[in-house]
Amino acid sequence: MTLSQDPLNSPEPTSQTAELTNLLQLLRRKEATWVAWGQACATLQKAGHSTQQIFEDTGFEPVQQNQVIVASQVYISLVNGDAPDAVRSHFQQQGSDILYELRILNQTERVTAAELVLNKNLDADEARDLAKAIKEFSRLPHLPEGFSHHPGDAVAYQTWRLARQQRDLQERSRLIARGLKVVHSAAARQQLEQLLMDFTVVSQRSAPQLPVYRVEAEEQLPRLIPVVGEFPLTVEDLKAVPLTEEIEPFRMVKFSGTGAWVPLPGWRVVLAAEDPVAFLIPGDRLPNLPGNSEIVLVMVDRAQRQWDADSYFLAETVVHGQLEVQWFEQAPDIKLYGRVVLLLRPKKIFDEDQIMEMLQFED
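Oh and the sequence shown: position 75 is 75 in our numbering, straight run, nothing missing.
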């Protein structure tokens, strides 16, 4: 046995190791508050623990880890935003699912939204609708007549606008009741109550369809090949070409450098793009896209940043500078990063083994 193998000469656990062990124990025993759980999960992940490893050690599933981490960050923003003591006290003990839904809001909006949630006893689904209404309300170029900046009026405006489009009286009444539950200003309440007597249906512009394509033929999905150069070539030239690996379902190519490529058919919409970039996203993360959560490829032209009501755009959210695909009925008061010009679904392959075999002919 060498000196390093002798237990008597093993190094003492570092303070960081001891801290991580304590955090795992805290999660395993569910001690302290859920806010502490979220901070513990975040610390463990930053220290290199995978979500699966944390799950196996503590019983916190990956989806639960994500919820408490994000929600604890929202809670800290409530504290930093000087939220009322009653709000901080309430959400310190419960409501991680509710605060998680407020993640898309900025600090000031989170504080006012959390106050409304507590005062009106809203659940997680209602909190999600509240956050969406506040975010959409903040993007309006002008404050709608009769509505204030209060989050309750943001929901009231959303329900008022949707109710005016409804021909179904039962659904219309449901929307009005939802707005009256949280409305703040007297003027906004009056706007909603007028709809109880005025049954005029106001047509609103519906969101446009996303430009969805699907590859149908094998020839439409070319293979991307790296180019060595032009003769004369040396062995070193040949070795300098990085190893490429195709990733299905779009034959995206990665290599040992710092980039990747993906082949797209030479359609007019692809060739017309001036500054195209592409990214992958689950279909259910996109607005107004029917279907399942299969991965789709989105191409955005970064040169097209002028708002157009018939198009979707890549815009920034307030969550750590993340981007999302959005449609704006009116010109938004936020920066646009490119117009969505193409959504591509993968080719449907009914017999994957057959296309890998050589054609066989009968004698």
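Backbone N, C-alpha and C fix where the C-beta goes; we use that ideal spot for every residue, glycine too.
On a Cα-Cα basis, can you pick out the residue from GLU193, LEU342 and VAL35 that is closest to ARG268?
Indexing the sequence shown from 1 puts residue 268 at position 268. Measuring from the Cα of ARG268, the nearest candidate turns out to be LEU342.
For the alpha helix (DSSP H) that LEU169 lies in, which residues bound it at each end?
-> For this step, residue 169 is matched to residue 169 along the sequence shown. Note, LEU169: alpha helix (DSSP H), 169-182.
Should LEU27 and THR58 be called a contact, given that it needs their Cβ atoms to be closer than 7 Å?
Translated into the one-based positions of the sequence shown, residue 27 becomes position 27. Translated into the one-based positions of the sequence shown, residue 58 becomes position 58. Yes. Within cutoff.
Does the beta-carbon distance from SER96 to GLN73 come in below 7 Å? What you label residue 96 is simply residue 96 of the sequence shown in a count that begins at 1. What you label residue 73 is simply residue 73 of the sequence shown in a count that begins at 1. Not in contact: SER96 and GLN73 (Cβ atoms no closer than 7 Å).
Worksheet item: Per DSSP, ALA323 forms a beta bridge with which residues?
Response: On the sequence shown, position 323 is the one that residue 323 refers to. A quick correction: the sequence has Leu, not Ala, at residue 323. LEU323 pairs with GLU316.
4 or more residues per run - each alpha helix (DSSP H) lying fully within the segment 219-292:
235-240 and 268-272
Exercise. At which residues does the beta strand (DSSP E) containing LEU342 begin and terminate?
Worked result: For the purposes of this step, residue 342 is taken as the residue at position 342 of the sequence shown. Run containing LEU342: 336-345, per the beta strand (DSSP E) assignment.
Practice prompt. Using three-state DSSP, classify ASP301 as helix, strand or coil.
Written response: The residue you call residue 301 lines up with position 301 of the sequence shown. Three-state result, ASP301: strand.
Taking the alpha carbon of ALA303 as the reference point, which residue from PRO290, VAL340 and GLU216 has its own alpha carbon closest?
Start at 1 with the first residue of the sequence shown, and residue 303 comes out as number 303. For the residues PRO290, VAL340 and GLU216, the minimum Cα distance to ALA303 belongs to VAL340.
Inter-residue spacing [alpha-carbon to alpha-carbon] between LEU122 and THR108: Position 122 of the sequence shown, counted from the first residue, corresponds to residue 122. Position 108 of the sequence shown, counted from the first residue, corresponds to residue 108. Spanning the two alpha carbons is a distance of roughly 19 Å.
Check: Are the segment 289-299 and the segment 328-336 in contact at 8 Å, needing three or more beta carbon pairs?
Finding: no
In the DSSP output, which residue or residues are listed as bridge partners for TYR75? As a first step, residue 75 must be located in the sequence shown, where it is residue number 75. According to DSSP, which records beta bridges pairwise, TYR75 is partnered with nothing at all.
Excluding the 5 residues preceding and the 5 following VAL241 in the sequence, name in chain order all residues of the same chain whose CB lies nearer than 7 Å to its CB. For the purposes of this step, residue 241 is identified with residue 241 of the sequence shown, where counting begins at 1. So the list reads PRO226 and VAL228, once near-sequence residues are dropped.
Suppose the cutoff is 6 Å on Cβ atoms and the five residues either side in sequence are ignored; what does the same chain contact list for GLU115 look like?
Here the question's residue 115 lines up with position 115 in the sequence shown. Closer than 6 Å at the Cβ level, and outside the excluded window around GLU115, lie VAL87.
Run of the beta strand (DSSP E) containing VAL212, from where it starts to where it stops: Here residue 212 is taken as the residue at index 212 of the sequence shown, counted from 1. Its beta strand (DSSP E) spans residues 212-214.
Candidates ALA315, TRP261 and ARG29, of which the one nearest LEU286 by Cα: If you number the sequence shown from 1, residue 286 lands on position 286. Measuring from the Cα of LEU286, the nearest candidate turns out to be ALA315.
Q. Where does GLU101 land, buried or exposed, given buried means 16+ other C-beta within 10 angstroms?
A. In the sequence shown, residue 101 corresponds to position 101, counting from 1. GLU101 comes out buried.
**Alpha-carbon spacing of ASP301 relative to VAL215, whole angstroms** = Here residue 301 is taken as the residue at index 301 of the sequence shown, counted from 1. Here residue 215 is taken as the residue at index 215 of the sequence shown, counted from 1. Distance between the alpha carbons of ASP301 and VAL215 is about 20 Å.
My assumption, with CB atoms under 8 Å, is that VAL202 sits in contact with ARG164. Please give the rounded CB distance. As a first step, residue 202 must be located in the sequence shown, where it is residue number 202. As a first step, residue 164 must be located in the sequence shown, where it is residue number 164. Rounded, the Cβ-Cβ distance is 4 Å, consistent with contact.
**Request:** Count the other C-beta atoms from every protein chain shown that fall within 10 angstroms of the C-beta of VAL63, then say buried if there are 16 or more, exposed otherwise.
**Result:** Start at 1 with the first residue of the sequence shown, and residue 63 comes out as number 63. So VAL63 ends up on the exposed side.
For this session: For SER10, collect the residues of the same chain with a Cβ closer than 6 Å to its Cβ; drop the 5 residues on either side in sequence, then sort them by chain order.
Result: What you label residue 10 is simply residue 10 of the sequence shown in a count that begins at 1. Low per-residue confidence applies at SER10: pLDDT is 42, beneath 50, and the placement is therefore not dependable enough to give any value.
Would you decide whether VAL277 is buried or exposed? Buried here means 16 or more other CB atoms lie within 10 Å of its CB. Sequence index remark: in the sequence shown, residue 277 carries index 277 (1-based). With fewer than 16 other Cβ atoms within 10 Å, it is exposed.
Candidates TRP327, ILE104, ASP168 and GLY48, of which the one nearest LEU20 by Cα:
For the purposes of this step, residue 20 is taken as the residue at position 20 of the sequence shown. Out of TRP327, ILE104, ASP168 and GLY48, GLY48 has the C-alpha closest to the C-alpha of LEU20.
Just grab the DSSP bridge partners of VAL296 for me. Looking up residue 296 in the sequence shown gives position 296. BP columns for VAL296 point to ILE281.
- Query: Between PHE147, ARG161 and ARG110, which lies nearest to HIS184 when the distance is taken from Cα to Cα?
  - Reply: Locating residue 184 in the sequence shown gives position 184, where the first residue counts as 1. Answer by Cα proximity: PHE147.
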